[in-house]
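A short worksheet on the structure shown next.
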Amino acid sequence: MCGIIGIVGNRPVAGRLIEGLKRLEYRGYDSAGIAVIQEIDGQSTLVRRRAKGKIVKLEERVKLEPVDGFLGIAHTRWATHGAVTKTNAHPHFAGQVGVVHNGIIENFTELRGALKDKRSFHTQTDTEVVAHMIDEAMRTGLSGQDAFAQTLKQLRGAFALGVVIDGVAGQIFAARKGPPLAIGIGDGENYIGSDAIALSSLSKQIIYLEEGDWAVLTDDNIQIYDAKDTEVKRDITHITGSMAAAEKGNYRHFMRKEIYEQPETTAHTLTHYIDAFNHKVKTEDALKLKGLDFKTVERVSFIACGTAAYAAMVAKYWFEQLAHLPTDMDVASEFRYRRPALTDNTLAMAVSQSGETADTLAALRYCKDHGLQTGVLVNVLSSTMAREADYVLPINAGPEIGVASTKAFTAQLTALLSLAITAGVQRGHIDTQAEKRLVDSLTHIPRHINETLKLDGQIENLAHMLSKAKSVFYLGRGVHYPLALEGALKLKEISYIHAEGYAAGELKHGPIALIEEGTPVIVIAPSDELFEKTISNLQEVATRGAKVVLITDNKGAKHAHNMVPHIIVCPDVSPVTAPIIYAITIQLLSYHTAVHLGTDVDQPRNLAKSVTVE
Ligand code: M6R
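Quick note: our numbering has the sequence shown finishing at residue 626, numbered continuously throughout.
So this is what it looks like as structure tokens:
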């Protein structure tokens, strides 16, 4: 959601805060702001600049009216409370206090009410009240630190906070309850940031605050306190590896770069899960899954949101077919509230690129609290979910910056298929021959993705047709049904064209009423055992005037060549890996449609990469 950065240092901070914000822009980008403590006429003064729009607008504003100092905080916003306006942009000030905030203060109305006779509020945000509360507490004689600690106790909700106080020499206050907050250790400087990416050009030594922690940073000292105000030591993580993956390189968009990285990223995922040389899945020891044995698991319960939920939905088919293991998939935001009947020996498995999605994290904690064993399939290994789950299953896709998930999706699928095979082997449903056959199919994934990427030109031409549509439908059966849902999600989120995905057999139960002359319908149907049934559904829409695009293989194309105007012919692949390969075509289709329409592909409107509010 929103992104936070702060520096308490020994040299000017404004330029570096704005650079750091740019790395956080993926978390939200409707407005941005910076506050520093600046010497004006020999007096230290808390000053700020804010702008509606992306960070470049803030940058322009700071160029026109410079501010700088040795201590500052900055913020990029994804609005939750209050319209997208400059007034509602952070940092929020009250008296001497400046605050940046990510998350939601749930009891803000009550807190505002308590101060209404003493204070006037200038914004519609849930954040402003925090600044007033700290300022008010200081007026009663409390130190900045005590005022901050006292205020934290009164806040309900999920939040990460960064606070600066004019007149409190050289200190930044930070707190984390819910959304992540990292501290970077520097040389004569210290930093706060929503994640390690924000701090990557500043520090390689990171401390992740734990749930309920708060901290006081000066240029040469970091004190961390837990929720009971006891001073604690937290581990330092040394960040390694290049941040190159967070740069666009020669690509026009991060999304395009990330689509093209997929032969490599799926290969990285596979290295972790299979032993290609011996044609075997890796054992649980090699997976560092000590203690997790699918033989003793009676049910897998996946919880996830958005694209990750569609990956989990594909996995439901795989776990049931390959491992004969009863499997559920719940959208995380619904999971807790339907009060699921949890049974012993259920493995609750969260799937999340970021590992920070609020709904998924809450569902994971719910399962833990109810005594289930928990796992997370995750890209960001330093994330909260990775720290809290019993078993951590990495997907190794590298940083994904484009808001629309692409390489994380195929890496999730690749890891989930490997795990389903592992479960099948452990449970005795896959013998050595079948294991060899399946593992060999997995090893072809990177090459098949590479071949599919060559369809780019053809897909770009088809995207011109899609870009004129009012509404687009995606159909699929079996494992390709979740892929139809993902295709529709991908198209709507970056091109803003209305799109829906359906199980191909379900269309005639209502949605077919929406088909009219020229409505594009994308049918995902490799020539597998369900092909003929899907083709019947294809004909049902074609005879009603739909403009059908069939995504299939050579055999499927031969069969359907005189039924549909457009066919995208994917490489011939094993039915089990087909969803991973066919995912590339729907990603390219959305990408080119969005580019053709001129939307902001990497930062589409109203969205954020990491959704840390419920
Ligand atoms: O980080 P997560 O995988 O938990 O995120 C879940 C969804 O918010 C995410 O997949 C979202 O749907 C993407 N924008 C889809 O492209």
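The beta-carbon is built from N, C-alpha and C at its ideal position, and this holds for glycine as well.
Check your understanding: Where in the stretch 219-245 do unbroken runs of the beta strand (DSSP E), each at least 3 residues long, occur, reported from the N-terminal end onward?
Key -> 226-230 and 233-237
Exercise for review: Taking only heavy atoms of ligand 2 into account, decide whether any of them is closer than 7 Å to the Cβ of Ala416.
Suggested key: Judged by which ligands are present, ligand 2 is missing from the structure shown, whose ligands are ligand 1.
Check your understanding: Is DSSP giving Val79 helix, strand or coil here?
Key -> coil
Check your understanding: For Gln365, is the beta carbon positioned less than 7 Å from some heavy atom of ligand 1?
Key -> Within the cutoff, so yes.
Practice item. Starting from the N-terminal side, write out each stretch of the alpha helix (DSSP H) that is 4 residues or longer and does not extend beyond the stretch 435-514. Key: 444-455, 457-465, 468-478 and 492-507
Review point. What are the start and end residues of the beta strand (DSSP E) that includes Glu51?
Key: Ser43 to Ile52
Exercise for review: Would you check if the stretch 374-383 and the stretch 454-470 touch, i.e. whether three or more CB-CB distances between them fall below 8 Å?
Suggested key: With the rule of 3 Cβ pairs closer than 8 Å, the stretch 454-470 does not count as touching the stretch 374-383.
Practice item. Report yes if the C-beta of Ala143 is less than 7 Å from at least one heavy atom of ligand 1; otherwise report no. Key: No, Cβ of Ala143 sits at least 7 Å from all heavy atoms of ligand 1.
Check your understanding: Sorted by chain position, which residues of the same chain lie with C-beta nearer than 6 Å to Leu609's C-beta, five sequence neighbours on each side aside?
Key -> Closer than 6 Å at the Cβ level, and outside the excluded window around Leu609, lie Ser479 and Ser507.
Exercise for review: With DSSP as the reference, please indicate the residues paired to Thr249 in a beta bridge.
Suggested key: Ile218
Check your understanding: Which residue or residues does DSSP assign as beta-bridge partners of Tyr403?
Key -> Gly387
**Study point:** Tyr486 beta carbon less than 8 Å from that of Ile524
**Key:** no
Practice item. Within its chain, find whatever has a CB closer than 7 Å to the CB of Leu542; leave out the 5 residues flanking it on each side and keep chain order. Key: Arg489 and Gly490
Review point. Where do the N-terminal and C-terminal ends of the beta strand (DSSP E) with Gly110 fall, by residue?
Key: Val109 to Ile117
Exercise for review: Return yes when the C-beta of Thr281 is under 7 Å from any heavy atom of ligand 1, and no when it is not.
Suggested key: no
Exercise for review: Out of Asp612, Glu77 and Ser56, state which residue places its alpha-carbon closest to the alpha-carbon of Ala63.
Suggested key: Considering only alpha carbons, the answer is Glu77.
Point to revise | Short Cβ contact (8 Å threshold) for Gly94 with Thr135 | key: yes
**Study point:** Same chain, Cβ closer than 8 Å to Glu626, neighbours up to 5 away in sequence not counted
**Key:** The residues are Ile116, Ala170, Ser345, Ala370, Asp371 and Ala374.
Check your understanding: Between Thr597 and ligand 1, is the CB less than 7 Å from at least one heavy atom?
Key -> no
Exercise for review: Tell whether a beta-carbon distance below 8 Å holds between Glu310 and Asn357.
Suggested key: yes
Exercise for review: Taking the CB atoms as reference points, tell me whether Leu334 and Ile433 lie closer together than 8 Å.
Suggested key: In this structure, Ile433 lies closer than 8 Å to Leu334 by Cβ.
Practice item. Within 10 angstroms of the Cβ of Gln438, are there 16 or more other Cβ atoms? Answer buried if so, exposed if not. Key: buried
Practice item. Determine the direct distance from the alpha carbon of Val343 to that of Gly156, and round the result to whole angstroms. Key: 42 Å
Practice item. Determine the direct distance from the alpha carbon of Ile527 to that of Asn262, and round the result to whole angstroms. Key: 40 Å
Review point. Based on the DSSP output, what are the partners of Ile184 in its beta bridges?
Key: Within the DSSP secondary-structure output, Ile184 pairs in a beta bridge with Val176 and Leu229.
Exercise for review: Could you spell out where the beta strand (DSSP E) holding Lys559 opens and where it closes?
Suggested key: Counting along the chain, the beta strand (DSSP E) containing Lys559 begins and ends at Lys559 to Thr564.
Practice item. Kindly list the residues whose CB is nearer than 7 Å to the CB of Ala420, restricted to its own chain and excluding five residues on each side of it in sequence; keep chain order. Key: Gln365, Asn391, Ile407, Ala409 and Glu412
Point to revise | C-alpha gap between Thr92 and Ser213, whole angstroms | key: 29 Å
Check your understanding: Does ligand 1 have even one heavy atom less than 7 Å from the beta-carbon of Leu600?
Key -> no
**Study point:** Val623 Cβ short of 7 Å to ligand 1 heavy atom set
**Key:** yes
**Study point:** Straight-line Cα distance separating Val68 from Ile30
**Key:** 9 Å
Practice item. With DSSP as the reference, label Tyr329 as helix, strand or coil. Key: helix
Check your understanding: Would you report the Cα separation of Ala47 and Ala511, rounded to the nearest angstrom?
Key -> Spanning the two alpha carbons is a distance of roughly 41 Å.
Check your understanding: Beta carbon of Gly15, beta carbon of His87: below 8 Å?
Key -> yes
Review point. Does any heavy atom of ligand 1 sit closer than 7 Å to the C-beta of Thr386?
Key: no
Practice item. Assign Phe289 to one of two classes, buried (16 or more other C-beta atoms within 10 Å of its C-beta) or exposed (fewer than that). Key: Phe289 comes out exposed.
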